[in-house]
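Chains as they are written, first to last, in my numbering: chain A, 6 to 285; chain B, 6 to 285; chain C, 6 to 285; chain D, 6 to 285; chain E, 6 to 285; chain F, 6 to 285.
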C-alpha cells in the first residue's frame, strides 16, 4: 500500500521551506526568464530499488501545480543504471527550484530500499525475514520504514506505543526476567505483542521457564549459540536475531533458522542512491 | 556557536512524538514501577567526533523536567572508544522512554561530524577546506550543517535563497555562460555572492573572459585539469572542487591548491556513530 | 503511568486559544483589578473517578506561571461528592480566565473514567475486562483512552496502525474469512496481533477451522450464542464481546466467560462529571 | 451558513493522523487488494438531526481525492431510522481507512444536533430559545456550536473575548454588583454586550437598581422565582435561565417567559447518534 | 490587562525564526567570542507611548534563558526622548542576535500606541472615544489592537465573528436597510451587538424608522451632516463616525458629539516609533 | 519572479482565521441569503504600484474554491486612481467574508511598493539603488521584501544567516575594526559576503587599512562626508549609505555616487495604499 499522502505532506512542505529559506530561489529567479518551459528526466545512475516517488512528485506539485509528469517506474521496482524514473515538463525556473528537494527524497529513500534488498537477497533460500528497528532519523521514521518495505523488508514495531519490547535495561531495573514478563502480561492490552531480549542462553532458559513471550530477540549471539537457541525454542516463540548484523554475516545468521533478523543500518546508515536530473 | 535551541525544539518534539505515537511507552509503563530512580551514561563505542548534545539533552528535558545531567564531553570534541559523553539521573521509566530518540540524534550527528573530520584530516597540510552541500535529509538541514561544523568542516550555502550558484542546467536554459553571468550580476542583491559551475576548461575560460564570479566550482575535473584550472584562475576567484570526492581521492584534489572541496556524502551518506546507553 | 505532558500540551494550548479567541478575557479584564489575589478550589459535586489533573494544571500554568497548587486527589482516585480536588492560589483575573478550560478537561475526562468504573464494577467477580474502542472524538483520543485507564478499563488498539482487526467489511471485500486470515498472516509484521470479527457461530467455526487468530471479536452475539462460542473456542483465542453492551447487559455478557468486553460509549457518550470551582 | 472549510481542515487532518498513527491502516493494507473498488452508504440507525457532513466528506477527500459522493441529506435535516445520508464510491482500502474518522465526526455532531432539537421541541409554543454554553470539549468548540445551530439552537458567546458575562465569582472578587457593572460599562468596547448572572431575586433587584445590563442570566432559579423575576425585569433586559435544565424541566422554565435557556449538556454530555456504514 | 503571553508566543517564535533563517546569526558567531557578557539598554529616541514590552522581553528569553532584565517603563507609559525602557544583561552574542526582532516589536507597537495617543489628545475635552478597525496587518491583529489600548484607544470588533456590522455592500445585496436589519435581529445571538453603516441622512432616517440598531456608523459624513445626524439620533443609538478621519479633522468630528471615531490608520499606517539599543 | 505560493499560504490562512475567529462571519451569515451571487471589483483609489495580488487571490480561494477571477493588473504595475485591479465573481456571502483580509494584504503590500517607487524615482539619474533593511514586521518579512522588489527596490540581507554585517556594537564588543574584520574573514563561509558599518571617516580609514570588506555601510554621514568617503573608497568596496534617509534627503545622498541607499521606512513605516472593493 502506498504511503497515504496526508502523512508526507507536512514533511514535503518542511523540506521545501527549508530550501527556499527567506523566500526565493535567487539563482533561477536572476538567471532564467520566467516564461521558459523545459522537460527534465530523473535517471538512475546505478542499479537499485526505487522508493520516494510520492514525496518527489509532491515536491514538484507544491512548487507549481501545472507540471505534467510521466511516471516510468514505481516504488519497489528494481531499476537499472541509466533507467528513467519519471519526467517532468513545465516552467523551467520551477523545475530547477524543486530539483534538489525532490532528489533528496528519492536518493535517501531509494538508498534505504536498495540496502534492504541487498540484505533480502543475501538471505534468499532461508526462512529469515529482514526487518528494521527504531534507529531512524528524526522526523523521517514513516518514510524510512516505508522504504524498507519497498526494498522487500518488514517493519519491526513503529514506536514505543505499539508493542512491548523488554530490553536488557528493563530487565535490570524491573528485577529480572520473571518479574518483567509477569508485569508485561498482567498490565498490557490484549491487542499488543510482547517481545523480550536475551543476551545469553541462560536468559533464554529463564524466558522459556517462565512461559515465554510472543517473540524472543537474541542479541549479539554467536552463530553456534543461535543454533542452540533455536533448538531450545522449538517453535514456541517467534525468533529474532539482532546485533552485529552486516552483509557479510547475515547469511550465516539466517541459516540458523531464525524467523527475523533486525538491521539498524537499514535506516541509520544507508548510503544515498545516485539519481540525477537531466534537462532535455 | 551552539545551535540556538529555538531552532531544534520543533524537531526534538516531532521526534519524541514520532516515537511515543498514540501516547505511551507501553513497555516501561507495564514493566517498571513509576517510582524507581536510575542513572544512565551515554558512552562512545568507537573513536569519533561528538555532535548532537543539545537535541539529546533537550529530548530528556521534554520527557521529564527533573533530570540531572552531568556533561562530560562537548560538541566538536574528539572522543575515544569507551569515553563517557553525559550521564542522566532521574526517573527510570522516563530515561528508557527518552533513550532511543536521544541516541538517534547523537549517533546521526556524531556520524556526520566524524566523517567530516576524516575528510579534514585527509587534507591536512594543504590549504583546502572541506564543505558540505544542499544534499541533506528532509527537515534535518540545520542540524546536519551544524554537525559538519562540529567536525571541522565549513558550510556551503544553506538554501536556494542565500547565494547564487549557476549550475549546468541554469547555463543551458539561460543560453550560455555569458548570459547567465550577466543576468546574475544585474539582478542580484549586493549582499549575495555568485558562484558558477564549470564542467570543462573551456567553460572556465569563458567564465574568466566574461569577468569571472566570486567563486568557481569545478565539477568532476581530473586532477590534471584541476591543476591547469588553478593556473588559469590565478587567485582571481575562490576555487571549489566537487564531484567524485571520497576519502581516497580527496588528498590529491586538495594538493592542486583548490580553496574548497564540497562533499555531498557528509550529509547524505554518513554512517551512524556508535553510542550506547548503560544503566548504572 | 501518567500521560507524558508533551502529548497534551498542544491540546491544552489549543483549548486556551479557542477560549481566548481574539485575545482577551474581556470580563475579567474589565471587572477585576489586575493586582487582586485569590484562592480557588476545585470540588467534586458527585461521586466518581478523577481524571484530567494534568491538562487542568497545565491550563493554569499556561495562563500564568506564578500559580501555587495544592493537589488533593489524583487521576484514578475515587472521589466523593464535595471532595476537594486541588486548590489554586494566585492572580484573580488569571484564575477566572483559566477556569472554564480547566473544568472542561476535568469534567470530560472524569466523566469517562467514572463511566468506565461503572462498567468495571458491573463485571466484578468475573474474568472479563472492560475496554474501549476507536469511537473517540476528533483530536481527543489520547486523553480519552488515558481516562479509560484511569477508570480501571483497558485500551483496545490505538489506531489503524498498531493491530489488525479484520471486520465484516474486510471479510466481505477480501472474499471470505479464509482469504482474509491468510492475507493478514502472510503480510503483517511479527510485532502485530491479529483480531477477527465474527457475527455468527458459523463464522466462528470457519475462523477456528482456518487456524484462528490472536483474538476473536464476537459482535452482537446473544448470551446463549456467546456461551456456545466460548465452548467452541476453548481458550485457543482471546475472546472479546462487542455490540449492544450497556450497564444493564454487561454483567450477563461477562458471565459467559469472555475475556474482554469493548464499549464504544465509554468515549463517545460519557456524560460530563460535575465539578465546580469555588473562590475562597 | 455552512461552516467554512478552512476552520475544520486542521481538525480533520488531526483526526486522520490520530487514527493512522505511525503511518498505515495495516488491516486494509494486508487484507484487501489495492485495486478493488467499492461503494459504501452511510445510514442512520435512529431518528435524529444530521450534522457533520462537511468534516465527514473532508475526511474521505483527505485520504483519497478520487472518491465520488452522492449526498442524500444535509446538515440540519431531520433524518429517519434507516435513511441514507451519503454514499461514497471508490478505492475499497481507502473507504475502510476513512470510515471510522468520518463516522466519529458524524455521530458526535449529529448527537449534539439531535439533543438540541429535543430541547427545541420541548419548548415549542413558548418564546424561549435554546442556547449552548462554553462547556465544550477541547478543540471542538467550533464544530460543536455549529451542531447546536444545526439542531435549531442558538449560540451563547463563543469565548472569553466576545461578550462580557459577569458571573458570581466576578461579583464576589470585584466587590459587588454595582462595582462590577460600573467597571464593565466604563471599560468595555461599544461593540460588546454585557450580561450579568444573578443567583437570587435580591441580586436581580440590585442589577435593576444600578441600570441593568444587556442580558441577565438567572442561575438555578426555582420556577416561582423565575416568574417573579420576569415581572421585575418587565422587558428591560433580555432574560436567560440556566442551571438545572434538563428535558423534564425545560418546558416549565420556558413557560415563565424567559427569552433564552442555556444548556451545557448540549455540548458536554450529548450521546453519539447511531450511524453505520454499509458496503454495497 | 496585559496581553496573555500564550497569545504572542507563536508570533515571537515566528519572528525569531524568520530572522535566524537557516540557523545562525553568522555575524555574532564569527566576530564575537562566545563567553563575552554585555549590558544593553533600550532607549526611546523620541517622545511617545510605549507598547510591546512583553514580546520584546519574550524575544530575548527565547534566544537565551539566562538574561537579566531591568524594566524601567511599562506598556501605556508616556516616555520621553532619551528615556530608558529596559536593560538586558547577559551573553553578548545572544543580545545582538535578539536585538532587531525585539526592536521590531517595540517600534511597531509603540508607533501604534503613539499615534493613537495623538488622536486621543486631539479629542480631549469632548465625549468622543477613538477606536480602531479590522484594517490590521496579517497575523498582527492581536498585538496591534493591544497597542491601540496602550495608547488610550478602544477596540472596535475583533473579527467577523464577534459583532454584526451591516455595511453598504450588505445593504445593497440583501435588498435594503429594512430587510438587512430584520434579518440581523432575527438570526443573531442575543450576545451580539448590531451596528449598521449609513452613508446619507436618508439612510439614517430609514434606520431610525425601522427600529434602529445598537450602534450606527456614519461613514464619510460632512461635519454639518454629522450634527444633523446627532440631532436625529437623540441618544437612541450609540454613534460612530468613520471615513476621512485624520489628525486635522478629528477634533471637529468629535465636537459634533459622536460617541466613537474609528480610525483605520492607527493600525495600517502608523510610523515606527524610534527606539535604539545601546551597549554599555 | 512571483513569490512561491507555498511561502505565503500559512500567512493567508492565519490572516483568515484571525478574522473569522470562533468560526463565522455572522453579518453575512445573518443578513445575506446563501444562494446570492455577486461580482465585485477591486479598484485603486490613488496612483501607486500594485503588490499583493497572490495573497489577495489566495484569500478568496481559501474561503471558496468556486470563485472566478479576472485579473486586470499585476504586481509591479503602476496603477492609476480608479484603475481596476481584479474582479471576483461568485457567492456573495463568501465575497464579503474574504474582502477585508484580501484588502489588508493588497493595501499593505502596495503601500510598500508605492513608497519604494517614490524613493526609486527620487534617485533617478544617479547610480544609486534603493534597498530595504531587516526592520520588518513580525511574520511579514517575506511579503514585505517582495513588495520592495515590486516597487523597483533591491533587498538587503534577508536575515541574520545569509550575510555578515558588522555593526557598531559588534565592533565595540569584539575589540575594534581590525579584530572584527579578521574574525569575520577567518570564520565565515566562502559563500557569504561581509559588510561593515562605519560611523566616521576615521573608521572608514581603518577598514581600508585592514583590507576592506565586500561592502561598507556609511551610517548617518553628512553629504560632505559621503563625498570624501567615496573618494577614499575609490571603488574598492561596494558603498551603502544609511540613516537619516527620507524623500527630501535621498537625492543628495544618491548624487554622492553611493551604490546603495538602505531605507528602513520602506517596511516599517509605509502607509496603506488606498484600494476599495465595489459590488457591481
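Beta carbons: idealized from backbone N, C-alpha and C, even for Gly.
Here the structure is a predicted model, which is why all the values come from computation and not from measurement.
Check                                                                                                                                                               : Outcome
Please tell me whether residue 37(B) has its Cβ less than 7 Å away from any Cβ of chain A.                                                                          : yes
Residues in its own chain within less than 8 Å of residue 85(E) by CB, not counting five upstream and five downstream?                                              : 49, 52
Pair every Cβ in the region 181-195 of chain E with every Cβ in the region 206-213 of chain E, then say whether three or more of these pairs are closer than 8 Å.   : yes
Rounded to a whole number of angstroms, what is the C-alpha to C-alpha distance between residue 220(D) and residue 237(D)?                                          : 14 Å
Along chain E, which residues have their Cβ under 7 Å away from the Cβ of residue 267(B)?                                                                           : In chain order: nothing, as chain E lies at least about 17 Å away.
Would you list, in chain order, the members of the region 124-146 of chain C that have their beta-carbon closer than 8 Å to a beta-carbon of chain D?               : 139, 140, 141, 142, 143, 144, 145, 146
Count Cβ pairs between the region 130-141 of chain E and the region 67-78 of chain E that sit closer than 8 Å; are there 3 or more?                                 : no
So residue 45(C) is in the alpha helix (DSSP H); what residue range does that whole segment cover?                                                                  : Note, residue 45(C): premise wrong, no alpha helix (DSSP H); beta strand (DSSP E) at 42-49.
Would you mind telling me which residues of chain F sit closer than 9 Å to residue 95(A), beta carbon to beta carbon, in chain order?                               : Neighbours of residue 95(A) on chain F: none; closest Cβ ~14 Å, over 9 Å.
Name the one or two DSSP bridge partners that residue 95(C) has.                                                                                                    : 43(C)
Quick check: the Cα distance between residue 193(C) and residue 160(C), rounded to an integer number of angstroms?                                                  : 21 Å
Using only the alpha-carbon positions, how far apart do residue 278(A) and residue 178(C) sit?                                                                      : 38 Å
Under the assumption that residue 262(E) contacts residue 225(E) (Cβ atoms under 8 Å), give the Cβ distance between them as a whole number of angstroms.            : The pair is not a contact, with the Cβ atoms about 18 Å apart (cut-off 8 Å).
Where residue 16(D) and residue 162(D) are concerned, what is the direct C-alpha to C-alpha distance, given to the nearest angstrom?                                : 21 Å
DSSP three-state call for residue 118(B): helix, strand or coil?                                                                                                    : helix
For residue 7(D), does the count of other Cβ atoms within 10 angstroms reach 16, so buried, or fall short, so exposed?                                              : exposed
Compare the C-alpha of residue 267(E) against each of 239(E), 230(E), 223(E) and name the closest.                                                                  : 223(E)
Nearest by alpha-carbon distance to residue 269(A): which of 109(B), 143(B), 35(B) is it?                                                                           : 109(B)
Bridge partners of residue 259(A), per DSSP?                                                                                                                        : According to DSSP, residue 259(A) bridges with nothing at all.
Using 8 Å as the threshold, is the region 139-152 of chain D in touch with the region 10-24 of chain D, meaning 3 or more CB pairs across them?                     : yes
Please name the residue in 27(D), 258(D), 28(D), 265(D) whose C-alpha comes closest to that of residue 227(D).                                                      : 258(D)
In the DSSP assignment, the beta strand (DSSP E) including residue 74(A) goes from what residue to what residue?                                                    : 73-76
Any residues in the region 246-263 of chain B with a beta carbon nearer than 9 Å to a beta carbon of chain C? Which ones, in chain order?                           : none
What are the partner residues of residue 222(E), as DSSP defines its beta bridges?                                                                                  : 202(E), 245(E)
Quick check: is the beta carbon of residue 160(F) nearer than 7 Å to any beta carbon in chain B?                                                                    : yes
Compute the Euclidean distance between the alpha carbons of residue 151(D) and residue 117(D), then round it to the nearest angstrom.                               : 9 Å
Tell me whether residue 11(B) sits in a helix, a strand or coil according to DSSP, three-state version.                                                             : helix
Name the DSSP beta bridge partners of residue 110(F), please?                                                                                                       : Partner(s): none; residue 110(F) has no beta bridge.
If you measure beta-carbon to beta-carbon, which residues of the region 184-199 of chain B are closer than 8 Å to chain F?                                          : 194, 195, 196, 197, 198
What number of angstroms, rounded off, separates the C-alpha of residue 95(C) from the C-alpha of residue 60(A)?                                                    : 50 Å
Residues in the same chain with beta-carbon distance under 6 Å from residue 265(F), minus the five sequence neighbours each way, listed in chain order, please.     : 134, 136, 245
From which residue to which residue does the beta strand (DSSP E) around residue 283(C) run?                                                                        : 280-284
Just to make sure I have the definition right: I need the residues of chain A whose C-beta is within less than 8 Å of the C-beta of residue 220(C). Which are they? : 195, 196
Give a yes or no on contact between the region 163-175 of chain E and the region 74-81 of chain E, applying the rule of three or more CB pairs nearer than 8 Å.     : no
If you measure from the beta carbon of residue 23(A) to each beta carbon in chain B, is any gap under 7 Å?                                                          : yes
Is residue 216(D) near residue 242(D), with beta carbons less than 7 Å apart?                                                                                       : no
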